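J.:
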Amino acid sequence: MRRSTRWPLALALLAAPVHAGVITVDDSGGADFFDLPPAVAAAQDGDLILVHPGLYSAFALQAKSLTILGLASGQVRVDGSTSVSFVPAGSDASLVDLDFQFLVLPNSPGTIVLDGVGVWGPTLGRLSVDGCADVRAIGMHLDAAASHVPFECCG
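When you line the sequence shown up against the numbering used here, it's residues 40 to 194, in that order.
What follows is the structure, encoded as structure tokens:
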């Protein structure tokens, strides 16, 4: 008797996170967007943004539930001050395998997940968390040149 493989596949698909759409970003072209700010602005709740290796401009993620995934750990850098704020309660915003010069997380009732996120910069790298209900950091790292990165956590 032959076993059906449909049930395990169906269960795996049901367990996977639901994303409304997939957006690609590549600073060398061939993707939906060349840079992160317009990709984040165009994204809808639940979207997955896939980011190819490169150097990108800082962005503001406000009041959205998104996953932004770097496709090569340590090779997706965001220059400038990025902020993630006002993530709705009961929702989450996930940043995965991205390296930031400045990362500011103010005022979010929802969950912010930092998975494999790095902070870099010769003297100015900074991570600031203020007024967030739930921030989860998994496998964060500091660039060797940014060995004095301040971590601020307030109220």
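We treat Cβ as the ideally placed atom computed from N, Cα and C, and that holds for glycine.
Here the structure is a predicted model, which means the values were calculated and not measured.
Looking at the structure shown, is R45 part of a helix, part of a strand, or coil, going by DSSP?
T.: Per-residue confidence for R45 stands at a pLDDT of 42, beneath the threshold of 50, marking its modelled position as unreliable; the derived number appears in the next sentence. If DSSP states are grouped into helix, strand and coil, R45 belongs with the helices.
J.: By how many angstroms is the C-alpha of H91 removed from the C-alpha of L137?
T.: The alpha-carbon atoms of L137 and H91 are separated by roughly 10 angstroms.
J.: What is the C-beta distance between T106 and S133, in whole angstroms, given that I count them as a contact (C-beta under 8 angstroms)?
T.: 4 angstroms between Cβ atoms; contact.
J.: By how many angstroms is the C-alpha of I62 removed from the C-alpha of S96?
T.: Computed Cα separation, rounded: 17 angstroms.
J.: Between the C-alpha atoms of T121 and V115, what's the straight-line distance to the nearest angstrom?
T.: Answer to the nearest angstrom: the Cα atoms are 14 angstroms apart.
J.: Could you check where the alpha helix (DSSP H) with P145 kicks off and where it finishes?
T.: Per DSSP, P145 belongs to no alpha helix (DSSP H); it is in the beta strand (DSSP E), 138 to 154.
J.: What does the alpha-carbon distance come out to for the pair A102 and G155?
T.: So the alpha carbons of these two residues sit roughly 22 angstroms apart.
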